[in-house]
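A.B. asks: Chains as they are written, first to last, in the working numbering: chain X, 61 to 179; chain W, 61 to 179. Every residue gets a Cβ at the ideal spot worked out from N, C-alpha and C, and that includes glycine. Got a structure for you, questions after.
There are 2 protein chains.
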Amino acid sequence: MSKSLLELTPVQTIACCAPLAKEPLSAEVAGRIAPLLKALADPVRLRLLSMVASHGDGEACVCDLNDAFDLSQPTISHHLKVLHDSGLLDREKRGVWVYYRVNPQALSDLGALIGGVAG
Amino acid sequence: MSKSLLELTPVQTIACCAPLAKEPLSAEVAGRIAPLLKALADPVRLRLLSMVASHGDGEACVCDLNDAFDLSQPTISHHLKVLHDSGLLDREKRGVWVYYRVNPQALSDLGALIGGVAG
DNA sequence: CCAAGACATCGAGGGATGTCAATATCGATA
DNA sequence: TATCGATATTGACATCCCTCGATGTCTTGG
C-alpha cells in the first residue's frame, strides 16, 4: 500500500482488498468499507440505486425518482446525496434538471468483495 | 413468485431476485435486503464476518473473536447475534464454547445481487 | 427584474443503533 | 451441590439516522 488510505474515497478503497472470506479485514479497511455498505443499507436507497442502475439511458432524472416514492422531495434529495457522497452515484446537472448515474466499477468491486469473486 | 416473501428469511430472499442493476427492486424486496446490508454495514461486524469466513477450519470460537477487539464481551456478543439473526452466520455450541461459521451461499448471493453477476 | 419550477440545505423531532456495566444462563468440574 | 468460566441478556445512555416543513439557490421564461 503505497498511499495512505486517508487519501482515498470510500469507493476507491474497495478496489484495494481481497474478498471478505479470503483474509481478515484490517480495522482500517473495515472502517472504510462500512460507510459504503451503510449507504446501501436502506430500502429507499436500494430502490433508488436500482432504479438509476437499471434505467435505459444509464441515468435517471431526479424528477422521475421523486414520483416513484411516497416521500417528501427533501427526503429523496437526502438519500441521493448519501449515495453520491459515498461514490456510488455520479451527478450531472443539465439545465434545470439533475441526472444521476451509477458508478459501475464501485458496484462490481463491492459485489466482488462480498461475494468472493476474484477482484 | 409463488410464495409470499413473508415466509422467507432475509438470507433466502436475496436468492430470489435479479441483480440490482438489471431491474428496479420492488419496495417489498428492498425492505428485505436492507436489513441484511445493515447487518454488514458496521466495521466491527465486517471484521467479525471476515475473521470467521477466512478462518482455517471455516469456523471461529467466540473466545478468539473477543480477544481481537478492544471492546467489551457483551458488545462482541451483540454483534455476533446481529450477524446470526440476519442469517449470515451459523451458530454451534460445543461444550462451553460457541463456534460461528459463515453461510457461504448468503455471501455469494448478496455479492451477486450487488455486483451484477448472474444469480 | 420578477416569478415559477427543480433541486438542495437547514433545523428539529422521534426512533434506531453501538456501547457498557450488571446480571443471567449454561456446561464442566471438584 | 457449589463454584468457575464462557457466553448471552438486560437496562441505560449517548449518538446517529430517517423524515418532515421551511427556506435557500439556481435556471428558465416573461
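Do serine 146 of chain W and alanine 99 of chain W have their beta-carbon atoms positioned less than 8 Å apart in this structure?
C.D. replies: Stepping through the second sequence from its first residue, residue 99 of chain W is reached at position 39. Stepping through the second sequence from its first residue, residue 146 of chain W is reached at position 86. Their beta carbons are under 8 Å apart, which means alanine 99 of chain W touches serine 146 of chain W by this criterion.
A.B. asks: Taking the alpha helix (DSSP H) that aspartate 169 of chain X belongs to, which residues open and close that run?
C.D. replies: One-based indexing of the first sequence puts residue 169 of chain X at position 109. Note, aspartate 169 of chain X: alpha helix (DSSP H), 164-175.
A.B. asks: Please compile the residues from chain W whose C-beta is within a distance smaller than 9 Å of the C-beta of aspartate 124 of chain X.
C.D. replies: Here residue 124 of chain X corresponds to residue number 64 of the first sequence, with the count starting at 1. By Cβ distance, chain W contributes nothing, its closest Cβ being about 11 Å from aspartate 124 of chain X, past 9 Å.
A.B. asks: List, in order along the chain, the chain W residues whose C-beta lies closer than 9 Å to that of isoleucine 136 of chain X?
C.D. replies: As a first step, residue 136 of chain X must be located in the first sequence, where it is residue number 76. The contacting residues do not exist; isoleucine 136 of chain X stays about 14 Å from chain W at best.
A.B. asks: If we define contact as Cβ-Cβ less than 8 Å, is lysine 141 of chain X a contact residue for chain W?
C.D. replies: Here residue 141 of chain X is taken as the residue at index 81 of the first sequence, counted from 1. Not an interface residue.
A.B. asks: Excluding the 5 residues flanking cysteine 121 of chain X on each side, which residues of the same chain have their C-beta closer than 6 Å to its C-beta?
C.D. replies: For the purposes of this step, residue 121 of chain X is taken as residue 61 along the first sequence, with counting starting at 1. Around cysteine 121 of chain X: Trp157, Tyr159.
A.B. asks: Beta carbons nearer than 7 Å to chain W: which residues of the segment 97-130 of chain X have them?
C.D. replies: Taking 7 Å as the Cβ-Cβ cut-off against chain W, the residues of the segment 97-130 of chain X that qualify are Leu97, Lys98, Leu100, Ala101, Asp102, Pro103, Leu106, Arg107, Leu109, Ser110, Met111, Ala113, Ser114.
A.B. asks: Using the beta-carbon count (16 or more within 10 Å), is aspartate 102 of chain X buried or exposed?
C.D. replies: Numbered from 1 along the first sequence, position 42 holds the residue referred to as residue 102 of chain X. Buried: at least 16 other Cβ atoms inside 10 Å.
A.B. asks: Could you tell me if the beta carbon of alanine 87 of chain X falls within a distance shorter than 7 Å of some heavy atom in the ligand NAD?
C.D. replies: By its list of ligands, the structure shown contains no ligand whatsoever, and the ligand NAD lies outside what it can speak to.
A.B. asks: With the cut-off set at 8 Å, would you say valine 177 of chain W and glycine 176 of chain X are in Cβ contact?
C.D. replies: By one-based count along the second sequence, residue 177 of chain W stands at place 117. By one-based count along the first sequence, residue 176 of chain X stands at place 116. Not in contact: valine 177 of chain W and glycine 176 of chain X (Cβ atoms no closer than 8 Å).
A.B. asks: With a threshold of 8 Å between beta-carbons, can glycine 147 of chain X be considered close to chain W, or not?
C.D. replies: Taking the first residue of the first sequence as 1, we reach residue 147 of chain X at position 87. So, not an interface residue.
A.B. asks: Our contact map puts serine 110 of chain W next to leucine 85 of chain X with C-beta atoms below 8 Å; I'd like the distance itself, whole angstroms only.
C.D. replies: Reading the second sequence from its first residue, position 50 is the one you call residue 110 of chain W. Reading the first sequence from its first residue, position 25 is the one you call residue 85 of chain X. Yes, they are in contact, since the Cβ atoms of serine 110 of chain W and leucine 85 of chain X sit about 4 Å apart, within 8 Å.
A.B. asks: Output, in chain order, the set of chain X residues within a Cβ distance shorter than 8 Å of glycine 91 of chain W.
C.D. replies: Counting from 1 along the second sequence, the entry for residue 91 of chain W is found at position 31. Near glycine 91 of chain W (Cβ distances below 8 Å), the residues of chain X are Pro103.
A.B. asks: Would you please state the rounded distance, in angstroms, between the beta carbons of leucine 108 of chain X and leucine 80 of chain X? I believe it to be under 8 Å.
C.D. replies: Along the first sequence, one-based indexing puts residue 108 of chain X at 48. Along the first sequence, one-based indexing puts residue 80 of chain X at 20. At roughly 25 Å, the Cβ-Cβ gap does not stay under 8 Å, so leucine 108 of chain X and leucine 80 of chain X are not in contact.
A.B. asks: Tell me the DSSP secondary structure of valine 156 of chain X in three-state form.
C.D. replies: Taking the first sequence and counting its residues from 1, the one referred to as residue 156 of chain X is at position 96. Looking at valine 156 of chain X - three-state DSSP - the assignment turns out to be coil, as it is neither helix nor strand.
A.B. asks: Between serine 132 of chain W and chain X, is the shortest Cβ-Cβ distance under 8 Å, so that the two count as touching?
C.D. replies: On the second sequence, position 72 is the one that residue 132 of chain W refers to. Closer than 8 Å: no.
A.B. asks: Tell me, please, whether the CB atom of glutamate 152 of chain X is closer than 8 Å to any CB atom in chain W?
C.D. replies: On the first sequence, position 92 is the one that residue 152 of chain X refers to. Taking Cβ atoms only, chain W never reaches closer than 8 Å to glutamate 152 of chain X, which makes this a no.
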